[in-house]
Amino acid sequence: MNEKYEPGKIESKWQQRWDADGLFRTDDAAGGEPYYILEMFPYPSGKLHMGHVRNYSIGDVAARYQRMNGKNVLHPMGWDSFGLPAENAAIKNGIRPDIWTRENIAEMRVQLKQLGIAYDWDREVATCLPDYYKWTQWIFVKFFEKGLAYKKKNPVNWCPSCETVLANEQVVDGKCERCGTEVGKKNLDQWYLAITEYAQRLLDDLDRLTGWPNSVKTMQANWIGRSAGAEVDFDIVGSGDKLRIFTTRPDTLYGVTYMVMAPEHPFVKPLTDGTEYEDGVKKFLDKLQYMNDIDRTSLALEKDGFFIGRYAINPLNGKEIPIYIANYVLMDYGTGAIMAVPAHDTRDFDFAVKYGLDIIPVVDPGRDDIDLSDLKEAFVAEGTMINSAQFDGLDSAAAKIKITEYVEAQGFGASSVTFRLRDWLISRQRYWGVPIPMLYCETCGWVAEREENLPVLLPADVQFTGKGESPLTTSKSFAEGGVCPICGKPARRETDTMDTFLDSSWYFLRYTDPHNNNNIFDFEKAKQWMPVDKYIGGVEHAILHLLYARFFTKFLFDIGVSPVGEPFTNLLTQGMVLKDGKKMSKSIGNVVSPEEIIGRFGADTARLFILFASPPEKELEWSDAGVEGGFRFLGRVWRLAQGVLEAEAAEGVDSPVKPANDDGELAYAQNAAIKKVGSDIGERDNLNTAISAIMEFANAIGKAKEAGTASQAQLREAVEKLTLILSPFAPHICEEIWEACGHTGSVLKESWPVYDEAALKRDTEEIALQINGKVKGKITAPTGLTAQELAEAAAQTDEAKALMAGQNVVKVIGVPGRLVNIVVK
RNA sequence: GCCGGAGUGGCGGAACAGGCAGACGCCCCGGACUUAAAAUCCGGUGAUCGCGAGAUCGUACCGGUUCGACCCCGGUCUCCGGUACCA
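Take the position in the first sequence, starting the count at 1, then add 2; the result is the number in the working numbering.
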């Protein structure tokens, strides 16, 4: 063992040895219970950032721990390598997206190896490679065959100056990020996946995910947003059409005083064309096009509406009511039209007040503080029905059912369930993505490419002008080179590519059989590993990525391809890495580069600090001083091991098993540490407290060595146990110490140490003495007393007697192992 | 706006099921070693008052439940994530 701890030397040595020995390779046929641990694969942006280091360090601790516990661990890595930044680099610097991406991957792979993460690199996948995206296309074709992929018109952000489609991210305050021009909308024909067909199952199966944080499940449930209610038809006066609305409050049908259609509703134009309202409608639409849905649905939004000169008939009471268009009604939700009940809906109330519309209460709150003839705000809770003809006097909850039944019986409508979740728009007018494997034939319409012709390769002969709809249109050979699979005539290829979220919605399945050229993956292999036992990634993915991955898995299950219906058994959502309270970002200039930290302190220190500074699911505040603390600790471990081994070399291990003055503290510390570190990693995901337990153990070894309260044999054992439980966190230094201890194999092949419960037993313990819940003193009591015995024993002590003197004692409460509370009056 | 989360010493955090608030580490202060410095080792370190023993206060803020609340309940504030074309 070297005198000095020099991470630079030992880390590369062990990384090379691990690589040469194939230590991290997973053998499907190996023994042991399969354990699949996965971190969300990165977008290859160029270099690793601290968020990556955190993510993969968390996963590596769990992977190494499970392996030491005898599991057959699958721990793969790959690249989510399609996306916008590669294309921007192409437009800006003229670099080909594939080359830019490949170089980034190469660099980041080296960095991951420098971190010492135990990945099976033989299973590496990259979503931008044809042997991967072939199967992404295959899945799309399956969706199309099942009728779950369809085309529909939808507006995109369009910059009139750059003449290109913009992502929401590229629109800043309604202006183009590049040129500052006001962004408009352009209606394009786009592909959708019918995720709403799976809405109910995606919602119901959340209950099965007991290993997921409740916060994520709640967010998903709210995102899916199931609402039960009714659809009701209102006749439009002077038109043959009926206006169909969706409401969650059919009980308030008698309180409807106006109707609102989304301005984009298809009825609006025919109802107003050629009337005096036509101009106003147009102006209203123009005003709206710069507003996004977030602002439009904001409760704080100034309600804005326009009367379109038409009336509808309330089917229940025959009343004629005005029809408006307004900014707060969306075409995407429900039927794109609502009945407005200002007395019982907050948004309708605001609107009615602004435009002087009637407010008719139909639910009586039965409260003195609410004056129904002069409402100050909408009353949205339950109550008793009034002004509702034969339904008066009913409870509003009961009326909801009764009125829906009545509406159904009369043929005005039906009960209905609506989801907030919308179908998934997957078309992107981009180059660097998976080509959508569809062809348009003049005779046959939209048809899917034949399976044997997949993958539909991304063409190389495109121009990156940054203009126009999709760059693929600039490749004539691609756009016009298709043949209709049905009739054989020339067909036009779809030139849009897929949302990159599709790529990442099934990669966890491909890892189980990554080199399969004949199938998406082998069913039996997937069955062996799936579902993923622990999935770790940023909490920012709590909704979209995780919902899409669940959706794909369910679809693949339904078509008999996936062995499971849910992909991830346990989910760990990690917090962000901050510097000075803010997210690390180039624009703020507060980025700390992992490269630099590894160069100065080594990977072990980087890993140790990032895991110690905060529990995984919380935000982490970066601290340079804290990193040095981590480095110091590893140096201390190094010297401790060195000191013990040197003393042993000098004196031999012939010292008694236990010296006469052994106080049992070292054995206690050793067993306590093994127990705590195991449960912190295996059960609680609290890696920060696992590390503090290791530090306490190291401190105890140092103390025992200094005080001479442990034998040479005890110290040697303690150092070895310390090395084993530290190894998932700081593997390189532990391999080096393990080798110095005379072992020839890797620590990773050792078994996780077991602890001895007997060594954790003590005869007496310190108990806090409280008066009315305030700590007033301490007593020593034998361990193992019941609450009753403890209270009685405590009351006999001098300390307690002194505290109780002159007091009126009401009762004495004992809490075993903790405290005794004397309640006085 | 809506949905979800967080708020504890100078700092990161701990307290696992309602039971001793501040483990572990950082910073800082003092000491040892050194010609000196670095490194290392030892000790101290929530606030206020007190020479001291000790006392009082203290987990964002206001209120409640309880023998006992960082933890449970009601309300408020601030910050963070998501908000469907960043991934």
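C-beta: ideal position from N, C-alpha, C; glycine also.
Query, Result
"Check Cys736 in the structure and name its three-state DSSP category.", "helix"
"If you follow the alpha helix (DSSP H) that Tyr121 is part of, which residue opens it and which one closes it?", "First-last for Tyr121: undefined, no H or E at that position."
"Among the residues of its own chain, which have a CB less than 8 Å from the CB of Leu301, if the five just before and after it don't count?", "Thr348, Arg349"
"Kindly indicate the opening and closing residues of the alpha helix (DSSP H) around Asp295.", "295–298"
"Tell me, to the nearest whole angstrom, how far the beta carbon of Met697 is from that of Phe635; I am working on the premise that it is less than 8 Å.", "6 Å"
"Suppose you measure from the CA of Leu245 to the CA of Pro272; what does that come to, to the nearest Å?", "13 Å"
"In the structure shown, what three-state DSSP assignment does Asp21 receive?", "helix"
"Taking only runs that begin and end inside the region 321–364, name each unbroken alpha helix (DSSP H) of 4 or more residues, in chain order.", "348–357"
"Considering Cα atoms alone, identify which of Val563, Ala793, Lys803 is closest to Trp137.", "Val563"
"Classify Asn224 as buried or exposed, calling it buried when 16 or more other Cβ atoms lie within 10 Å of its own Cβ.", "exposed"
"Where do the N-terminal and C-terminal ends of the alpha helix (DSSP H) with Phe554 fall, by residue?", "546–560"
"In whole angstroms, what is the alpha-carbon distance linking Ala342 and Pro252?", "11 Å"
"Find the nearest neighbour of Thr514 within the set Ile12, Tyr38, Gln18, Arg19, judged by alpha-carbon distance.", "Tyr38"
"Give me the Cβ distance between Phe248 and Glu266, rounded to the nearest whole Å; I'm assuming they're in contact under 8 Å.", "With 8 Å as the limit, Phe248 and Glu266 do not qualify as a contact, their Cβ atoms being about 16 Å apart."
"When DSSP labels each residue in this structure, what does Asp397 get in the three-state scheme?", "strand"
"From this set, Lys177, Gln113, Ala328, which residue's C-alpha is nearest Ser47's C-alpha?", "Gln113"
"By a C-beta neighbour count over all protein chains shown, 10 Å radius and 16 as the cutoff for buried, is Cys181 buried or exposed?", "exposed"
"On the criterion of 16 or more Cβ atoms from any shown chain inside 10 Å, does His517 qualify as buried, or is it exposed?", "exposed"
"Please report the residue range of the alpha helix (DSSP H) in which Met578 lies.", "Here Met578 belongs to no alpha helix (DSSP H), and DSSP marks it neither H nor E."
"Provide the residue(s) that pair with Lys536 in DSSP beta bridges, ordered along the chain.", "Ile39, Asn572"
"Name the two residues that bound the continuous alpha helix (DSSP H) containing Ser681.", "667–681"
"Ignoring anything shorter than 3 residues or poking outside the region 88–167, list the beta strand (DSSP E) runs there in chain order.", "151–161"
"Let me know if Lys155 comes out buried or exposed under the rule of 16 or more other beta-carbons within 10 Å of its beta-carbon.", "exposed"
"So, is Arg609 buried or exposed, given that buried needs 16 or more other C-beta atoms within 10 angstroms?", "buried"
"Do His346 and Ala400 have their CB atoms nearer than 7 Å?", "no"
"Measure the C-alpha to C-alpha separation of Lys677 and Ala64 and round it to an integer number of angstroms.", "16 Å"
"Quick one: residues in its chain with C-beta nearer than 8 Å to the C-beta of Leu377, no 5 flanking neighbours on either side, listed in chain order?", "Ala345, Phe351, Ile361, Pro363"
"So, for Lys529: in the same chain, excluding its five sequence neighbours on each side, which residues have a beta-carbon less than 6 Å away from its beta-carbon?", "Pro565"
"Is Asp370 buried or exposed, if buried means 16 or more other CB atoms sit within 10 Å of its CB?", "exposed"
"DSSP on Met440, reduced to helix/strand/coil?", "strand"
"In or out: Asp62 buried (at least 16 other Cβ within 10 Å) or exposed?", "buried"
"Could you please give the first and the last residue of the uninterrupted beta strand (DSSP E) stretch that includes Asn74?", "74–76"
"Along the chain, where does the alpha helix (DSSP H) containing Tyr260 start, and where does it finish?", "Unbroken run through Tyr260 is the beta strand (DSSP E), 260–263; no alpha helix (DSSP H)."
"If I follow the unbroken beta strand (DSSP E) through Gly816, where does it start and stop?", "811–817"
"To the nearest whole angstrom, what separates the beta carbons of Asp664 and Ala712, a pair I think is in contact under 8 Å?", "6 Å"
"If Ser625 and Gly577 are in contact, beta carbons under 8 Å, what's the gap, nearest whole angstrom?", "Actually they do not touch by this definition, with Cβ atoms about 15 Å apart."
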